[in-house]
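Visitor: The sequence shown begins at 0 in numbering that gives the first Met the number 0 and counts up by one.
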Amino acid sequence: MDTVKKIPQYKRLYGILRKHIIEGIYKEGDLLPSENELCRLYDMTRPTVRQSLSTLAADGYIRKHQGKGSIVLILPREIGILSVSGTTSALGDRNLKTKIIVKPVLIPWIKDFMFPLSEIEKESGCIYMERLRLLDGNPIFYDISYLDNINLPRITSRQFENKSLFQILRDHYLIEIRGGEQRIKAIPASVRISSFLQLKKNQPVLHLERKMETNVNGLFIYSSIYCNTEKYSIFGRF
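Here's what the structure looks like:
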């Protein structure tokens, strides 16, 4: 096992139920199994099950109804890139594919980086990766990720094809996204961006620069995302 410590039981159950909701095993309006049933099924205590369900409710996947149980909610069908959710979870069970343009590689930080960096970040370097996200075969996001090279063993050897970066960080490193900041503006598409997103040169694209905080002190995830919004809108919760 390559995690720093064992994943808490409530997080394990949260991950299972969240996956089942995203993949459509439980659909909108369905009731999850009762607390007693989940305790028996996964051999967990009632406080553990309740903590998992409370976390699902806080993240918007279920609504707890007194006397009825946990009712499954469906997140909005637009692209939830404005939230801290990754594109995989935001798009749910839709036909989302990931094509790796540049595999994860350890490099020095680029000069004039989009956000200020700490001295530790500068000294440690970053994990750099480029991905293209396609929805129903249409390129939607060209995503450049920069991860602090701080206690992420063997991450450059992991497989990211058609996988969620946030899920890999959660499952293998116990890293959760807690929030962050971002800048959004429309820019003309460069030759490179237009070729990836199948747009005309100089056609407007939405550019997001993001700095995401994690539950690990001093560890941040940065991304520069170019969005093709011709057919899909984006949304955020306030």
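We put the CB at the ideal spot given by N, CA and C, even for glycine.
Using three-state DSSP, classify Glu-229 as helix, strand or coil.
Guide: Coil.
Visitor: Considering just the uninterrupted stretch of the alpha helix (DSSP H) at Tyr-13, what are its terminal residues?
Guide: 8–21
Visitor: What three-state label does DSSP hand Asn-137 in the structure shown?
Guide: strand
Visitor: Taking 6 Å as the limit between beta carbons, can you name the residues of its chain near Lys-63, skipping five residues before and five after?
Guide: Ala-56 and Ser-69
Visitor: With DSSP run on the structure shown, which of helix, strand or coil describes Thr-213?
Guide: strand
Visitor: Using DSSP with H/G/I as helix, E/B as strand and the rest coil, what is Thr-44?
Guide: coil
Visitor: Which residues does DSSP pair with Asp-58 in a beta bridge?
Guide: Looking at the DSSP assignment, Asp-58 forms no beta bridge with any residue, so it has no partner.
Visitor: Which word fits Tyr-225, buried or exposed, when buried means at least 16 other C-beta atoms lie within 10 angstroms of its C-beta?
Guide: buried
Visitor: I'd like to confirm the pairing. Which residues does DSSP put opposite Met-113 in its beta bridges?
Guide: DSSP, once it has assigned bridges, lists no residue as partnering Met-113.
Visitor: When you compare the CB positions of Ile-183 and Val-204, do they come within less than 8 Å of one another, or not?
Guide: no
Visitor: Just tell me which of Leu-218, Leu-198 and Ser-144 has its CA closest to the CA of Glu-208.
Guide: Ser-144
Visitor: Is the segment 109–122 in contact with the segment 188–200, if contact means three or more CB pairs nearer than 8 Å?
Guide: No: fewer than three Cβ pairs fall under 8 Å.
Visitor: Using 8 Å as the threshold, is the C-beta distance between Thr-246 and Gln-8 below it?
Guide: For the chain, the structure presents residues 0 to 237; residue 246 sits outside this window and is missing.
Visitor: According to the Cβ coordinates, are Asn-227 and Pro-107 closer than 8 Å?
Guide: No.
Visitor: In this structure, does DSSP put Asp-170 in helix, strand or coil?
Guide: helix
Visitor: Could you check if Leu-37 is buried or exposed, using at least 16 other CB atoms within 10 Å of its CB as the buried criterion?
Guide: buried
Visitor: Which residue from Ala-188, Lys-10 and Leu-72 puts its Cα closest to that of Gly-23?
Guide: Leu-72
Visitor: Evaluate Leu-40 with the Cβ neighbour count: other Cβ atoms within 10 Å of its Cβ, from every protein chain shown; 16 or more gives buried, anything less gives exposed.
Guide: exposed
Visitor: Let me know the secondary structure DSSP gives Arg-49 once reduced to three states.
Guide: helix
Visitor: Measure the CB-CB distance between Ile-149 and Leu-218 and report whether it falls below 8 Å.
Guide: At the C-beta level, Ile-149 and Leu-218 come within 8 Å of one another.
Visitor: Starting from the C-beta of Thr-155, find all residues in its chain whose C-beta is less than 8 Å away, skip the five residues before and the five after it, and write them out in chain order.
Guide: The answer, listed in chain order, is Lys-102, Pro-103, Val-104, Leu-105 and Ile-126.
Visitor: From the DSSP output, read off the bridge partner residues of Lys-63.
Guide: Ser-69
Visitor: Please confirm whether any heavy atom of the ligand PLP lies closer than 7 Å to the CB of Arg-209.
Guide: Although the ligand PLP was asked about, the structure shown includes no ligands whatsoever.
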